Amino acid sequence: MIRFGRQVCGDLDAAASREWLVTDGLGGYAMGTVAGLRTRRYHGLLVVAAPGAASRSLGLAALDPVVRAGERVFRLATDEWAGGAVDPAGHTHLAEFRLTDGVPCWRWDLGDVVLEREIAMAHGRSAVGVVFRVLRAPRPVELELTPLCTWRDAHGERHAWGDPQVTPVAGGFEFEGVYRVAGPSWRPGGEWYRGVHARDEAARGLNPDEDLWAAGCFTATLAPGETASVTAFATGEPAAGAVPTTFAGGMPAAFIDGETPSAVEIVAAARRRAVALGGGDAVGRQLAIAADQFVIETPTGPSAVAGYPWFGEWSRDLMTSFEGLFLTTGRHEQARRVLLRAGATVSDGMLANTADTGTLEYNTADAALWFLRAIDRYAEVTGDLDTVAALAGAMDEVLDLHRRGTRFGIAADPADGLLMQGKPGFALTWMDARVDGVPVTERQGKAVEINALWVNGLASTAALFDRIGRGHDWSAAASRAAASFEHRFTRPDGLGLYDVVDGPAGNDPSIRPNQLLAVGLPHVPAADPDIVELCRATLLTSIGPRSLAPGSPGYHGRHRGGPADRDHAYHQGTVWPWLIGPFVDAARRTGADTTGVLDGLELHLSEWGLGSVSETADGDAPHAATGCPFQAWSVAELLRARALEGGTWVGR
Numbered sequence: 007m008i009r010f011g012r013q014v015c016g017d018l019d020a021a022a023s024r025e026w027l028v029t030d031g032l033g034g035y036a037m038g039t040v041a042g043l044r045t046r047r048y049h050g051l052l053v054v055a056a057p058g059a060a061s062r063s064l065g066l067a068a069l070d071p072v073v074r075a076g077e078r079v080f081r082l083a084t085d086e087w088a089g090g091a092v093d094p095a096g097h098t099h100l101a102e103f104r105l106t107d108g109v110p111c112w113r114w115d116l117g118d119v120v121l122e123r124e125i126a127m128a129h130g131r132s133a134v135g136v137v138f139r140v141l142r143a144p145r146p147v148e149l150e151l152t153p154l155c156t157w158r159d160a161h162g163e164r165h166a167w168g169d170p171q172v173t174p175v176a177g178g179f180e181f182e183g184v185y186r187v188a189g190p191s192w193r194p195g196g197e198w199y200r201g202v203h204a205r206d207e208a209a210r211g212l213n214p215d216e217d218l219w220a221a222g223c224f225t226a227t228l229a230p231g232e233t234a235s236v237t238a239f240a241t242g243e244p245a246a247g248a249v250p251t252t253f254a255g256g257m258p259a260a261f262i263d264g265e266t267p268s269a270v271e272i273v274a275a276a277r278r279r280a281v282a283l284g285g286g287d288a289v290g291r292q293l294a295i296a297a298d299q300f301v302i303e304t305p306t307g308p309s310a311v312a313g314y315p316w317f318g319e320w321s322r323d324l325m326t327s328f329e330g331l332f333l334t335t336g337r338h339e340q341a342r343r344v345l346l347r348a349g350a351t352v353s354d355g356m357l358a359n360t361a362d363t364g365t366l367e368y369n370t371a372d373a374a375l376w377f378l379r380a381i382d383r384y385a386e387v388t389g390d391l392d393t394v395a396a397l398a399g400a401m402d403e404v405l406d407l408h409r410r411g412t413r414f415g416i417a418a419d420p421a422d423g424l425l426m427q428g429k430p431g432f433a434l435t436w437m438d439a440r441v442d443g444v445p446v447t448e449r450q451g452k453a454v455e456i457n458a459l460w461v462n463g464l465a466s467t468a469a470l471f472d473r474i475g476r477g478h479d480w481s482a483a484a485s486r487a488a489a490s491f492e493h494r495f496t497r498p499d500g501l502g503l504y505d506v507v508d509g510p511a512g513n514d515p516s517i518r519p520n521q522l523l524a525v526g527l528p529h530v531p532a533a534d535p536d537i538v539e540l541c542r543a544t545l546l547t548s549i550g551p552r553s554l555a556p557g558s559p560g561y562h563g564r565h566r567g568g569p570a571d572r573d574h575a576y577h578q579g580t581v582w583p584w585l586i587g588p589f590v591d592a593a594r595r596t597g598a599d600t601t602g603v604l605d606g607l608e609l610h611l612s613e614w615g616l617g618s619v620s621e622t623a624d625g626d627a628p629h630a631a632t633g634c635p636f637q638a639w640s641v642a643e644l645l646r647a648r649a650l651e652g653g654t655w656v657g658r
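In case it helps, my numbering puts the sequence shown at residues 7 to 658.
Structure (C-alpha cells):
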C-alpha cells in the first residue's frame with residue numbers, strides 16, 4: 007500500500023505532483039493526481055486508445071463531487087483556472103489517499119461525514135468505474151456528481167466552439183456518439199467550463215488551457231455504507247482478439263458475457279487481478295502491478311506501451327523491456343507471441359520503431375539488435391527452441407542485412423566487422439533527441455552499445471542456431487567483431503570505453519552509461535570492473551545513472567522548460583532509471599558491489615508516478631523526476647535487476 011495523510015493531501019503542490027494510473031489492457035487509461043487536480047492535458051477518467059495505442063482520445067475528463075449534509079455544502083473537486091484561481095479546493099478536506107492493489111482510493115473527512123472514492127478500469131475494454139461510498143454520517147447525505155466532458159486527441163485541447171452533442175440514454179448520456187456515462191438519477195444540463203488550467207503543461211512550455219463541457223448531474227441519497235457508482239465506456243466494440251484469456255477468472259462475469267459491468271464489479275475485478283499477479287514481497291507485488299499496466303493486447307497480438315501518458319508502442323522500448331515485463335513476470339506465452347509478432351514485421355533487417363507519429367517509422371539502429379537479445383533470453387528462460395526455429399529466418403535477415411547494409415548507413419565495416427550507423431540529420435540510437443532536425447547527441451559512427459548488442463547478437467544467434475541444427479556462418483563474424491571491439495573501444499587512458507569510434511569528429515571519449523551494456527552483455531570482451539567503478543563515481547545516482555558525466559561539455563543538470571530546452575537536456579546528463587539494469591548486469595559480471603543500488607528506486611515508487619518508475623530525472627541533485635511518470639523500461643529493468651539481486655518474485 008502507498009498511503010498519504012493530510013500533510014500531503016492538504017498541500018496542493020505536494021498532492022498535485024503525485025500521480026496515479028489505472029489502465030484497460032488496450033493502451034487506454036484513467037490518470038490524475040492525489041489532489042484531484044488535473045495538472046496535465048492527458049489527465050482524465052476515460053482515455054480511449056486506438057489499437058496499439060498509437061493514438062488516444064480523451065473523453066470523460068473529471069467527475070466533480072458535491073456533498074450536501076443538511077445545510078452544509080462541501081465541494082470536493084479541485085480545479086485550477088487560467089486566471090490562477092484554485093476553486094473549488096476539495097483537497098483541503100482530503101484525510102487520506104491510498105493505492106492498494108493498484109486501485110486508488112480517496113477519503114474525505116467532513117467532520118461527522120466521511121466519504122471515499124475508488125477508481126478502476128475494466129481489463130480488455132475501454133471502461134472505467136468510479137465508486138463513491140459513505141463511510142460515516144449521522145443521517146443520509148446528498149451526493150451530486152458533475153461529469154466534465156470532452157472528446158479530443160489526448161495531445162491537444164478543445165475549446166468552446168459550439169455545444170457538443172449530448173444524447174440522453176438509459177441511466178445517463180452519450181457524448182458525441184463515442185462514449186457513454188451511466189450513473190444514478192441523471193439530470194441533463196450543459197454549460198462550458200472555460201479556461202480549465204493544466205499547470206504541468208504550462209511548465210513544459212505548452213498550451214495549458216482548455217474548455218470542458220459540464221453535461222449535467224448525477225444525484226444520489228446515501229446512508230452510511232451505501233454507494234453511488236458511475237461507469238463511463240467507449241461505445242465501440244473491443245478490437246478483435248483484444249480480450250485476453252489470461253486471468254479471465256479475475257474479470258466480472260458481466261464483462262466476459264459482453265455486457266458493461268457495474269463500477270463496483272470493475273473495482274472488485276481490478277483488485278482480484280492485482281492479487282493474482284503475484285510478486286512476492288510488497289515491492290515485488292507493486293512492481294508486478296506496474297508491469298501489468300504496460301502490457302496490452304492488439305488485434306495482432308500482445309505488446310507493451312512504452313510510457314503513460316503520451317507514448318504508444320515503440321519497438322526499441324518493447325524489446326529493451328521484454329525480459330522484465332514478460333519473462334521476469336512469468337508471461338511466457340505472451341512473450342512467445344510478442345517475438346513471433348515482431349519477427350513477422352522485420353523489413354530490410356529492421357523493426358519499425360513506432361507509429362506514434364501517424365506513419366510507421368524505421369529509424370532505429372538498435373531495436374532489431376534488442377530483438378535478438380530478447381530471443382536469446384526467451385530461449386534461456388523457457389527452453390522453447392521451437393519458437394527459436396520459427397524465428398530463425400527473421401534472425402538471419404537481421405544479421406545479414408546489418409552485415410551487408412540497410413537503411414541509414416547501418417552496415418558492418420569490412421575493415422573490422424563492427425557496425426556503423428548514422429546519417430546527417432538523424433539520431434538512430436536510443437539517445438535520439440533532435441532540435442530543429444539536428445541531433446543533440448551526435449553519435450554517428452560506431453556506437454559502443456550498438457556494437458555490444460551486435461557482438462552479442464552474432465554470438466547468441468550462432469549458439470542458438472547450433473542448438474536447433476541450422477547452418478550459419480555467424481560464429482566467425484562474432485569472433486572478428488569481438489576482437490575488433492576490444493581493440494577499438496578500449497581507451498588508452500584507462501577511463502573506460504569510447505562512446506563512439508570513427509565518428510565525424512573521430513573517437514568520442516564522453517563518459518556515458520552506454521558502455522555499461524558492453525560490460526554487462528555476456529559475449530562482449532569488456533568485463534572490466536574499473537569501468538563499473540568509473541560509472542559509479544561519475545554517473546550513478548540513487549534512481550539510476552546519468553546520461554553524461556557532470557562537468558562534460560554539453561552537460562545539462564536540469565531536464566526542464568519548453569520542448570527545445572528539454573530535448574537539449576534529454577541525453578546530456580538527465581538520469582534514466584532504466585539504466586539501472588545495465589549497471590547491475592555490469593557489476594555482477596565483474597564482481598562489483600551492488601549493495602543498496604536499488605534502494606532509491608524502490609523508494610521512488612511512492613514519490614511521483616505512484617507505484618511505478620519515471621522515465622527520467624534531473625541530473626543534478628535532488629534528481630527530481632521528469633518525463634513520463636510511468637515508463638515501461640524503467641519498471642522492467644528495476645524488476646529484472648531486483649530478480650538478479652535476489653528480490654523475491656512469484657510469477658503468475
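Here a beta-carbon is modelled for each residue, glycine too, at the ideal position from N, C-alpha and C. Keep in mind the model is a prediction, meaning the values are calculated, not measured.
Quick one: residues in its chain with C-beta nearer than 6 Å to the C-beta of A68, no 5 flanking neighbours on either side, listed in chain order? On the sequence shown, residue 68 is found 62 positions in, with the first residue counted as 1. Cβ neighbours of A68 beyond the five flanking positions: L154.
Beta-carbon gap between A226 and A234 smaller than 8 Å: For the purposes of this step, residue 226 is taken as residue 220 along the sequence shown, with counting starting at 1. For the purposes of this step, residue 234 is taken as residue 228 along the sequence shown, with counting starting at 1. The answer is yes: Cβ separation under 8 Å.
How big is the Cα-Cα spacing for G522 and L604? Your numbering for residue 522 matches position 516 in the sequence shown. Your numbering for residue 604 matches position 598 in the sequence shown. In the sequence as presented, Gly is not what sits at residue 522; that position holds Leu. Spanning the two alpha carbons is a distance of roughly 16 Å.
I believe I125 touches V140 by the beta-carbon criterion, under 8 Å. Please report the beta-carbon distance rounded to the nearest angstrom. Working through the sequence shown from its first residue, we reach residue 125 at position 119. Working through the sequence shown from its first residue, we reach residue 140 at position 134. Not really, about 17 Å apart at Cβ, beyond 8 Å.
In angstroms with no decimal places, state the Cα-to-Cα distance between E319 and M325. On the sequence shown, residue 319 is found 313 positions in, with the first residue counted as 1. On the sequence shown, residue 325 is found 319 positions in, with the first residue counted as 1. The straight-line gap from Cα to Cα measures roughly 11 Å.
Considering only residues of the segment 428-490, which uninterrupted alpha helix (DSSP H) runs meet the minimum length of 4 residues and lie entirely inside it, listed in chain order? 454-474
So, is the C-beta of A294 closer than 8 Å to a C-beta in chain C? Protein chains in the displayed structure number just one, and chain C is not present.
Does the pairing of the segment 363-375 with the segment 416-435 give three or more beta-carbon distances under 8 Å? The segment 363-375 is in contact with the segment 416-435.
Among D624, R410, V14, G568, nearest to T659 - alpha-carbon criterion: What the structure shows of the chain is the stretch from 7 to 658, and residue 659 is not part of that stretch, so it cannot be assessed.
Between V14 and A21, how many whole angstroms is the CB-CB distance? I'm expecting something under 8 Å. Position 8 of the sequence shown, counting from 1, holds the residue named residue 14. Position 15 of the sequence shown, counting from 1, holds the residue named residue 21. Sure, about 6 Å apart at Cβ, within 8 Å.
Near A133, which residues of its chain fall below 6 Å by C-beta distance, leaving aside the five closest residues on each side in sequence? Residue mapping note: residue 133 aligns to position 127 of the sequence shown, counting from 1. So the qualifying residues of the chain are F239.
Would you grab the beta carbon distance between G108 and V28 for me? Rounded to a whole angstrom, and I think it's under 8 Å. Sequence index remark: in the sequence shown, residue 108 carries index 102 (1-based). Sequence index remark: in the sequence shown, residue 28 carries index 22 (1-based). Contact check for G108 and V28: beta-carbon distance about 7 Å, within the 8 Å limit, so the pair qualifies.
Between the CA atoms of A555 and V92 - distance to the nearest angstrom: Taking the first residue of the sequence shown as 1, we reach residue 92 at position 86. Taking the first residue of the sequence shown as 1, we reach residue 555 at position 549. Whole-angstrom Cα-Cα distance: 41 Å.
In three-state terms, what does DSSP make of I416? Here residue 416 is taken as the residue at index 410 of the sequence shown, counted from 1. The answer is coil: DSSP assigns I416 none of H, G, I, E or B.
So, do the segment 336-343 and the segment 374-393 have three or more beta carbon pairs nearer to each other than 8 Å? yes
A555 (DSSP reduced to helix, strand or coil): One-based indexing of the sequence shown puts residue 555 at position 549. Coil at A555, not helix or strand.
If you draw a straight line from the alpha carbon of R12 to that of E102, how long is it in whole angstroms? Taking the sequence shown and counting its residues from 1, the one referred to as residue 12 is at position 6. Taking the sequence shown and counting its residues from 1, the one referred to as residue 102 is at position 96. A direct Cα-Cα distance of roughly 6 Å separates R12 from E102.
The segment 327-334 / the segment 297-310 touching (three or more Cβ pairs under 8 Å): yes
Between the segment 633-645 and the segment 571-589, can you find at least three pairs of beta-carbon atoms closer than 8 Å? The segment 633-645 and the segment 571-589 touch, with three or more beta-carbon pairs separated by less than 8 Å.
D115 bridges to which residues according to DSSP? By one-based count along the sequence shown, residue 115 stands at place 109. Paired residues: V120.
Could you tell me the distance, in whole angstroms, from the CA atom of R648 to the CA atom of V147? Residue mapping note: residue 648 aligns to position 642 of the sequence shown, counting from 1. Residue mapping note: residue 147 aligns to position 141 of the sequence shown, counting from 1. Their Cα atoms are separated by approximately 48 Å.
Going by C-alpha to C-alpha distance, which of L151, G285, A166, L149 sits closest to D157? The residue you call residue 157 lines up with position 151 of the sequence shown. Reading off the sequence, residue 157 comes out as Trp, not Asp. W157 has its Cα closest to that of A166, out of L151, G285, A166, L149.
DSSP has C15 in a bridge; who is on the other side? Numbered from 1 along the sequence shown, position 9 holds the residue referred to as residue 15. In DSSP, C15 forms no bridge with anything.
Could you check where the beta strand (DSSP E) with T192 kicks off and where it finishes? Sequence index remark: in the sequence shown, residue 192 carries index 186 (1-based). Strictly speaking, residue 192 in this sequence is Trp, with Thr absent from that position. Element bounds for W192: 192-203.
Three-state class that DSSP yields for I302 in the structure shown: Taking the sequence shown and counting its residues from 1, one reaches residue 302 at position 296. If DSSP states are grouped into helix, strand and coil, I302 belongs with the strands.
Could you pull the start and end residues of the alpha helix (DSSP H) that R62 belongs to? As a first step, residue 62 is located in the sequence shown; it is residue number 56 there, counting from the start. Where R62 is concerned, there is no enclosing alpha helix (DSSP H), although the beta strand (DSSP E) it sits in stretches over 62-75.
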